[in-house]
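Just below is one structure, and these are the notes that go with it.
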Amino acid sequence: MSLLDKPIGELAATIPGATRLFDENKLDYCFNGQQTLRQTLKSINFDHDSFLSQLDALDLQKELANHLMWGAQPTASLITHIIDNFHEKHRQQFPELIQLIKKITLNHSDHPELPKELESHLVSMEFELQEHMMKEEEILFPLLMNGFYPAGPISVMEAEHLEHAKALEKLADITHQFTPPDGVCSSWQALYVGVEQLYYDLKEHIHLENNILFIEQ
């Protein structure tokens, strides 16, 4: 089967490096993962041939490399990976980023390009994500580890993922796609590097859950 006729979520889940390529080209694999790549590309105006060549190259690398693919791993292993590498990381990322924006606001309050919405937006994101991760860890993940795929709780988590997606796009807008103004201090530059890392980490986190973990084996 051609890559064009495979669901974009499946491609993201099975081709190492595909998620970054999709992100770079603004292709939504997290929330419309059941759409085929062909359907997704219909609404995107860019050089499809170049994109497909890059995806083909990644697919070839997948066949040649001994790469750990989470879709083939036990559910318990994937859940442990998500908690250790995403839940715990997010719990560290937000306080650090909020501290940085507080520092920048204090030292550069008169800067015309100060992202005044950023602190409150990060605080809101942190609160919503903490609640979300707690529900996963205390309710959903134990069920999944015991072989149960409850439609109701999974639907709730997927709906909350959509809200996280909106928050991520606002985060990118507030920071002008993570681009600091010219000549700003190292703290401001570090803040935007950290915000961009959070953006891609959370997208990868959601992808692993929506397109792999929540799919009944």
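Under my numbering, the first residue of the sequence shown carries the number 125, and numbering increases by one thereafter.
The beta-carbon is built from N, C-alpha and C at its ideal position, and this holds for glycine as well.
Predicted model only: the values in this text are computed from it and were never measured.
Check                                                                                                                      : Outcome
CB contact flag (L182, L161, <8 Å)                                                                                         : no
CA-to-CA distance, Y323 to L337, given in whole angstroms                                                                  : 20 Å
Span of the alpha helix (DSSP H), counted from its first residue to its last, around Y316                                  : S310 to L332
Span separating the alpha-carbon of Q197 from that of F251                                                                 : 31 Å
Span separating the alpha-carbon of I339 from that of L315                                                                 : 35 Å
Inter-residue Cα distance where the pair is T143 and D152                                                                  : 9 Å
Straight-line gap, E260 to N270 (C-alpha atoms, nearest Å)                                                                 : 14 Å
Sub-8 Å separation of H232 and L224 beta-carbons                                                                           : no
Where the alpha helix (DSSP H) through T204 begins and ends                                                                : T199 to I206
Spatial neighbours of H329 in its chain, beta-carbon cut-off 7 Å, leaving aside the 5 residues before and after            : I206 and F210
Cβ-heavy atom distance, Y324 to the ligand SAM, below 7 Å                                                                  : In the structure on display, the ligand SAM does not appear, and there are no ligands present to speak of.
One or two residues paired with T160 in a DSSP bridge                                                                      : P131
Beta-carbon contacts of I203 that lie in its chain and below 8 Å, excluding the five residues immediately before and after : F265, L268, M269 and L337
Spatial neighbours of K130 in its chain, beta-carbon cut-off 7 Å, leaving aside the 5 residues before and after            : T160 and L161
Straight-line Cα distance separating A200 from Y273                                                                        : 13 Å
CB contact flag (K294, H245, <8 Å)                                                                                         : yes
Cβ neighbours of H172 in the same chain (closer than 7 Å, five flanking residues each side left out)                       : L165
Cβ-based burial, N335 [other Cβ within 10 Å; buried from 16]                                                               : buried
DSSP three-state assignment for N270, whether helix, strand or coil                                                        : coil
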